[in-house]
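Under UniProt numbering, think of the first position of the sequence shown as 1, with each following residue one higher. Ideal Cβ placement from N, Cα and C applies to all residues, glycine included. All values derive from a computational prediction rather than experimental measurement. A quick write-up on the structure given underneath.
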Amino acid sequence: MKSEMVDGDNGATASLDGLTPENRRVELLRYVEEHTTAKVEELAERFAVSAMTVHRDLDVLAREALLERIRGGARAIPRHFSERDVRLRRGTRAAQKQALARAALSLVHEGDIVALDDSTTVAAMAPDLAARRPSAVITHSLGLMRRLTQDHPDITLVGLGGQYYPETDSFLGAVVVDQVKRVAADVVFVSTTSLKNTALYHPDAEAALTKRALVLMADRKVLLVDSTKFDVKNGLYHVVDLTAFDDVFVEQDLAAEHRSQLERLDATVHYVTTT
């Protein structure tokens with residue numbers, strides 16, 4: 001195992017009484033999902049804001065179809081896809097994701113064919129990816145396809161299509177896997193929902209199948225993972241073992257027990273300063 005220290009951008013996790021409106025809505029939605037229903041007064045006390053602010057936040061989330069308004073509060077919308085909606089995940093630990101993504105860009109070299117998964121952590125690589133001058137980018141993330149075609153129209157983009165899942169804003173399943181077998185990449189970047197028992201897991205079978213195929217398509221395999229993904233219990237389907245990866249980017253302040261787990265690998269572990 002090799003390790004190195006990487007400086008990331010400064011960013012701090014805000015307390016509940018100091019959240020930005022966007023992050024407050026993320027946490028508010030998380031609370032409603034965990035409790036199934038919640039009253040306005042309950043949410044106002046929980047987040048130390050006025051009832052009027054809660055009403056506005058709930059209206060925003062309802063317009064985005066992330067929850068349902070009921071008299072005096074809101075209730076969660078049952079999800080058919082086990083992973084949390086991408087719109088919720090984008091606002092969670094954004095500073096940590098950006099720091100990991102910027103550090104991982106150092107592994108993209110001019111002329112590389114780069115593959116990217118549909119995780120919000122890997123998506124944070126998009127703004128600066130073109131500056132690394134890859135020869136092509138392969139992805140099954142519709143969000144990334146939009147971002148790259150709008151911001152970097154000169155980049156060669158290979159989109160992997162199949163059944164579209166709005167919860168992940170990406171294409172998943174057997175059709176995507178079949179297309180993955182027809183292309184190859186120099187380096188692939190992925191993240192994970194759950195890392196436990198020295199392996200990556202995902203709560204949904206189609207997503208696990210797709211991510212596994214993506215990992216195996218590239219010569220160099222890179223994992224970006226923040227500290228909240230270790231020992232998460234909701235991962236049902238095995239993706240790949242940690243031993244599949246050549247590089248792992250993780251937060252510098254990772255708990256000692258998880259550091260020990262990574263340092264037993266043959267991979268290079270890149271410790272990134274995220275705060």
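| Query | Result |
| --- | --- |
| Same chain only: Cβ atoms within 6 Å of His-80, ignoring 5 sequence neighbours per side | Residue confidence for His-80 is low, a pLDDT of 49 falling below 50, so the modelled location carries little weight and cannot support an answer. |
| Pick from Thr-274, Ala-184, Ala-207 and Glu-251 that is closest to Asp-219, judged by C-alpha positions | Ala-184 |
| Helix, strand or coil at Asp-117 [DSSP, three-state] | coil |
| Cβ neighbours of Gly-73 in the same chain (closer than 6 Å, five flanking residues each side left out) | Ala-38, Lys-39 and Val-40 |
| Outcome for Arg-24 when other beta-carbon atoms lying within 10 angstroms are tallied against a minimum of 16 | buried |
| Per-residue burial, Thr-121 [other beta carbons within 10 Å of its own, 16 or more giving buried] | buried |
| CB of Phe-189 within 8 Å of CB of His-140, strictly | no |
| Bridge partner(s) assigned by DSSP for residue 279 | Here the chain comprises residues numbered 1 to 275, so residue 279 is not present and cannot be evaluated. |
| C-alpha gap between Asn-197 and Asp-231, whole angstroms | 8 Å |
| Assigned secondary structure, Ser-135 (DSSP; H/G/I helix, E/B strand, else coil) | coil |
| Cut-off 7 Å between Cβ atoms - residues of its own chain near Gly-162, not counting five sequence neighbours on either side | Phe-171, Leu-172, Gly-173, Val-175 and Val-176 |
| Spatial neighbours of Leu-200 in its chain, beta-carbon cut-off 6 Å, leaving aside the 5 residues before and after | Thr-192, Val-239 and Val-240 |
| Beta-carbon spacing of Asp-247, Val-222 below 8 Å | yes |
| Backbone CA spacing between Leu-144 and Leu-61 [nearest angstrom] | 23 Å |
| Of the listed residues Thr-275, Phe-245 and Arg-147, nearest to Ala-267 (C-alpha basis) | Phe-245 |
| Runs of alpha helix (DSSP H) lying entirely within the stretch 145-210, each at least 4 residues, in chain order | 174-180 |
| In DSSP terms, what Gly-72 is bridged to | Paired residues: none, contrary to the question. |
| 8 Å Cβ cutoff met for Glu-251 and Asp-226 | yes |
| Residue interval of the beta strand (DSSP E) (run including Lys-39) | 37-39 |
| Through-space distance from Leu-105 to Pro-127, alpha-carbon basis | 11 Å |
| Through-space distance from Asp-57 to Glu-45, alpha-carbon basis | 14 Å |
| Distance cut-off 7 Å: Arg-30 Cβ against heavy atoms of the ligand COA | This structure simply doesn't include the ligand COA, nor any ligand for that matter. |
| Nearest neighbour of Asp-253, chosen from Gly-235, Thr-273 and Leu-262 [CA to CA] | Thr-273 |
| DSSP-derived helix/strand/coil call for Phe-249 | strand |
| Span separating the alpha-carbon of Met-52 from that of Ala-95 | 28 Å |
| Pro-134 beta carbon less than 8 Å from that of Ser-108 | Going by the sequence as given, residue 108 is Val instead of Ser. Cβ atoms of Val-108 and Pro-134: closer than 8 Å. |
| Helix, strand or coil at Leu-100 [DSSP, three-state] | helix |
| Sequence-distant residues of its chain with Cβ nearer than 7 Å to Leu-19 (five each side left out) | Glu-27 |
| Residues bridged to Ser-141 (per DSSP) | Ser-170 |
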